[in-house]
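**Q** In my numbering, the protein residues as written are 1 to 674. By construction, the Cβ of each residue, glycine as well, lies at the ideal position given by its N, Cα and C atoms. It should be emphasised that the depicted structure is a prediction, and the values quoted were computed from it without experimental measurement. Before anything else, here's the structure in question.
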Amino acid sequence: MQKAAGMWTIGAAAAVLLGWGAVALLSHSEEMRGAGQGSEAAVSANGQDAATGAVSGTGGQVAGMEAAAGAGGRGAATAGQNTEGKTATGEPAGFHYSSDPNYYTETFRPQYHLSPESGNMSDPNGMVYVEGEYHQFYQNSGQWGHAVSTDLLHWEHLPVALARDSLGEIWSGSAVVDEKDTSGFFGGKAGLVAIFTHFKGGLQSQSIAYSSDKGRTWTKYEGNPVIPNPGLKDFRDPKVIWYAPTKSWVMVVSVDNRVRFYTSPDLKTWTMTSEFGSDQGSHAAVWECPDLFELPVEGSKEKRWVLTVSIGNNTATKGSTAQYFVGTFDGRTFKNDNAPSDVLWTDYGKDFYAAVSYSDIPAKDGRRIWLGWMSNWRYPFAMPTGAWKGSMSIPRELTLRDVSGQGLRLVQQPVKELAALRGQAAVVGRTPLAAGGGLNPFDGLKGTSYELETELTVQPDAQVALALRRSADGAQATVVSYDAAAGVLSVDRTHAGVSTFEKGFAEKVSAPLKLRDGKLKLRLYVDSASLEVFANDGETVISSIMFPDPTSSGLSVEAVQGGAVLERASLYPLQTVWRQEDVNSDTPQRIVLSRPSADVPVGGSQAVAADVLPYRAPQGLTWRSEDEAIAKVSASAEGGAVVTGMGSGSTAIRAQTSDGRVAASMNIFVYETK
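Below, the structure written as structure tokens:
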């Protein structure tokens, strides 16, 4: 491997610097198989509480959970610019990174997904865009939590917006900009109105609140509820839109296993106009969190209306899920274009629920954007994440596509803003894959927070598998696989990590998917505890949470059966959105250990994995024990260590980078076996 000015040469392949998105074009010839594991090898992992060491003397900046390129010169180039020429670590307008180097570095903490600082996060609520800000309200134990962002990426946490009151808890709902002050709340100016469900004594009713200061403070309407409970057990989650042709507000609200539509001139007085769903789609459980919007059909001037609903926890679908309908809407009535028995699933994973879209995105933008809660009502707050529970998916842009043999189908694509988080790419070139092992084109690529784009040519009888968040011994991984004969895409988390918190969590989910001209196109977003798979440009989506070890950071791709060709792959490490860091830096800033403590028998030993962050930093570590009479420690060939129990008791081992600037400790408990 040779380095020339602005270029890394790897066999016959070269990495050419192109400013932002500098590419390492990887050749997988025979000479590449013998490429050495140099200091450029990139390793990744989550931050971890007691097992994390932070840098000293670097202005409080600490590397996050990014992915990077690895062995044999992968990603050795050093570009750090985004598509607009700005540094990838620059603060967006009005946003300030945390000065705490340990902020959002707990085990499993998402690095580019929104999660609460503490407490529970479930259904997204009140999603609205106003005066340059996206408002993300969310369910927080019967209240509306609140965060705002100018770019859908960097979020500022604000105090609880709507707290429970004498009328009950504040359940899910929506928010709109009352541009023409139809409500009369704003003295002729524009303002925000939230429409939500009050819950008390088993009864659900619809209420409103208003804000004239960009959602910072709210006043509840003295005439609440605006729609009293009409004698129904389930009557909740109002989504309100402005329907221009009739110059009126329209509400769609869940009613058991169907929805009702209401209209209003002023957001205060409502009249029911119709009902939909009693004989439509899936009725596996109660319908919740409806949304209604009009979408363009790709490649045409045509538009159609889409009605989405989530479906509560049930045995038939093995948890909560979501479906959608495509049809027409005249301001009063929705009509389904498909057969009543057709069920169109929104997401085939277990962790995309209660998704609703942002209201009032400016016409000059023109997008319909939504996101969902990344969890399931099977295990809503059981996750092993400590003081915080739950997160949101990445924001997704919605369109309709005429899919061959199916008709109009909902398409979800990651929003373009996510590209601003990309670090320097590692690009893997064309590589044949053969069943029975052989070369892993992703050997040396590692990460826990990244975007991976791949395209494969798959033979009609072939099966291919991508292992993500893979441990060094291969025992732990989340596997994305495709069976061409069956036409099925799957995500398998049976060996993905911690799963004991829920009996059925270790599971495999599947979705129907046809190849396009023999090609499989995947775009994967991996974070510290989540995976979102977008197949064939968003036609099929699978969203899953998982809880791997912090040092399970490897990747692999193989043909399990038959023949396939990896045509190309691009791995982009993604910047954390919480701390000022540079994903492309080669300065050690944090050590991550595979666990906070270890129990070792006297005379026995245990391996400890370790990563130095950021991943371009040298990975060499020195190790020492605080009491060698209790435990001895020695570096392993894999970059971690082996701990040997010498005598019963407790001590600690310490890892330190070669420059001595970063260290991390692990508690060791040695016990007698007799």
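#1: Are at least three pairs of beta-carbons, each pair with one atom in the stretch 477-495 and one in the stretch 454-468, less than 8 Å apart?
#2: Hey, could you find the ends of the beta strand (DSSP E) S552 is sitting in?
#3: From G223 to S310, what distance separates their C-alpha atoms?
#4: Report the residue ranges of all beta strand (DSSP E) runs contained in full by the stretch 274-341; include only those spanning at least 3 residues, in chain order.
#5: Give me whichever residues DSSP pairs with L520 in a beta bridge.
#6: Are Y379 and E288 close, meaning C-beta to C-beta below 8 Å?
#7: Would you identify the three-state DSSP class for G19, choosing helix, strand or coil?
#8: For T457, which residues from the same chain have a beta carbon less than 7 Å from its beta carbon, with the 5 sequence-adjacent residues on both sides left out?
#9: Looking only at C-alpha atoms, which of A664, L232, D365, K268 sits nearest to W249?
#10: Using only CA atoms, which one of T448, S553, R409, V557 lies nearest to R513?
#11: Which class does E626 belong to by DSSP, given the choice of helix, strand or coil?
#12: When the Cα of P480 is compared with those of E397, D234, E507, S499, which residue comes out closest?
#13: Below 8 Å on the Cβ atoms is my contact criterion, and I expect P124 with A354 to pass it. Report the Cβ-Cβ distance as a whole number of Å.
#14: Please report the straight-line C-alpha distance between R396 and S99, rounded to a whole angstrom.
#15: With DSSP as the reference, identify every bridge partner of Y134, one or two as the case may be.
#16: Taking 8 Å as the cut-off, decide whether the C-beta atoms of S544 and H113 are in contact.
#17: Going by C-alpha to C-alpha distance, which of G281, S183, P614 sits closest to S341?
#18: Enumerate in chain order the residues of its own chain whose CB-to-CB distance from S278 is below 7 Å, with the five nearest sequence positions on each side excluded.
#19: Would you be able to state if there are at least three C-beta pairs under 8 Å between the stretch 428-438 and the stretch 538-553?
#20: Just verifying my parser: in three-state terms, what is the DSSP assignment at A244?
#21: Can you tell which of H495, V488, S172, E455 has its C-alpha closest to the C-alpha of R469?
#22: Look at the alpha carbon of A209 and the alpha carbon of R590, and state the distance between them as a whole number of angstroms.
#23: Considering only C-alpha positions, which residue in the set Y221, W305, T197 is nearest to V253?
#24: Relative to the C-alpha of V326, which residue among T315, K318, V306 is closest?
#25: My output table needs one value for E397: the three-state DSSP class, helix, strand or coil.
#26: DSSP beta-bridge partners for R164?
#27: Please confirm whether Q476 and G444 have their CB atoms less than 8 Å apart.
#28: Kindly list the residues whose CB is nearer than 6 Å to the CB of V541, restricted to its own chain and excluding five residues on each side of it in sequence; keep chain order.
#29: What's the C-alpha gap between G299 and E539?
#30: Are there three or more Cβ pairs, one per stretch, closer than 8 Å when the stretch 181-195 is compared with the stretch 147-159?
#31: From the DSSP output, in three-state form, read off E567 for me.
#32: Rounded to whole angstroms, what's the CA-CA distance from S625 to G438? Just pull it up for me.
#33: Let me confirm a value: R216 is counted as buried when at least 16 other C-beta atoms fall within 10 Å, else exposed. Which label applies?
#34: Beta-carbon separation of S391 and P110 under 8 Å?
#35: State the DSSP-derived secondary structure class of L489, mapped to helix, strand or coil.
#36: Take P441 and list the residues in its own chain whose beta-carbon comes closer than 8 Å to its own, dropping the five residues that flank it on each side.
**A** In short, the structure shows the following:
#1: Contact between the stretch 477-495 and the stretch 454-468 is present, because at least three Cβ pairs lie under 8 Å.
#2: Looking at the DSSP string, S552 is not in any beta strand (DSSP E), and its letter there is neither H nor E.
#3: 29 Å
#4: 287-296, 303-311, 321-329, 334-336
#5: L456
#6: Contact: no.
#7: Residue confidence is low: G19 scores 26 on pLDDT, short of 50, so the model does not pin down where it sits. No coordinate-derived value is stated.
#8: Here the set comprises G518, K519, A564, V565, E567.
#9: Of the candidates A664, L232, D365, K268, the residue whose Cα lies closest to the Cα of W249 is K268.
#10: Before going further, note that residue 513 is Leu rather than Arg in the sequence given. Residue R409 is the option with its Cα nearest to L513.
#11: Assigned with DSSP and collapsed to three states, E626 falls in coil, not helix or strand.
#12: The identity of residue 480 in the sequence shown is Val, whereas the question assumes Pro. Residue E507 is the option with its Cα nearest to V480.
#13: 6 Å
#14: 30 Å
#15: Y129, S149
#16: no
#17: Of the candidates G281, S183, P614, the one whose C-alpha sits nearest the C-alpha of S341 is G281.
#18: So the list reads R258, once near-sequence residues are dropped.
#19: no
#20: Note: A244 maps to helix in three-state DSSP.
#21: H495
#22: Distance between the alpha carbons of A209 and R590 is about 45 Å.
#23: T197
#24: V306
#25: strand
#26: Its beta-bridge partners do not exist; DSSP assigns none.
#27: For Q476 and G444, no; Cβs fall outside 8 Å.
#28: D347, Q412, F534
#29: Linking G299 to E539 through their CA atoms gives a straight-line distance of about 15 Å.
#30: no
#31: strand
#32: Approximately 39 Å, taken between the alpha carbons.
#33: R216 should be labelled exposed.
#34: Their beta carbons are under 8 Å apart, which means S391 touches P110 by this criterion.
#35: strand
#36: L26, H28, V428, T431, L433, V557, L566, A569
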